[in-house]
Amino acid sequence: MIIYKINVIDELNKHGYTNSILRDNNFLSQATLTNLRRGGNITIATLNILCLLLDCQPGDIIEISASEEEKKNILL
78 MIIYKINVID
88 ELNKHGYTNS
98 ILRDNNFLSQ
108 ATLTNLRRGG
118 NITIATLNIL
128 CLLLDCQPGD
138 IIEISASEEE
148 KKNILL
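Numbering (the working numbering), first residue to last: 78 to 153.
This is the structure we're talking about:
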């Protein structure tokens, strides 16, 4: 499973990107912001936007954390 390494909303706020700025400039929709708050899935396009806004790489935001059961089921 892919998980977030950081609190994306907090990091965006630290970089000066409030919810209003993100929505008003069409960087991220309200639905995407809600999804990020809940730790939900995002698209590659959203990941790209986050990397540009936060000046980072995808690996700074997400990581793979697979349980042994997941590995077993995938590798069968």
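Quick reminder that beta carbons are idealized off the backbone N, C-alpha and C, glycines included.
Computed from a predicted model, the values in this text were never measured in an experiment.
Nearest to residue i by alpha carbon, out of the options?
{"i": "I79", "options": "L152, K148, E145 and I141", "result": "I141"}
{"i": "H92", "options": "I151, L129 and I121", "result": "L129"}
{"i": "P135", "options": "N150, I121 and E88", "result": "I121"}
{"i": "D87", "options": "N102, L127, T123 and N103", "result": "L127"}
{"i": "V85", "options": "I151, N112 and N150", "result": "N112"}
Please state the DSSP three-state secondary structure of residue i.
{"i": "I80", "result": "strand"}
The alpha helix (DSSP H) spanning residue i covers which residue range?
{"i": "I179", "result": "No answer is possible for residue 179: it lies beyond the span of the chain, which begins at 78 and ends at 153."}
{"i": "N112", "result": "Q107 to R114"}
{"i": "N90", "result": "V85 to K91"}
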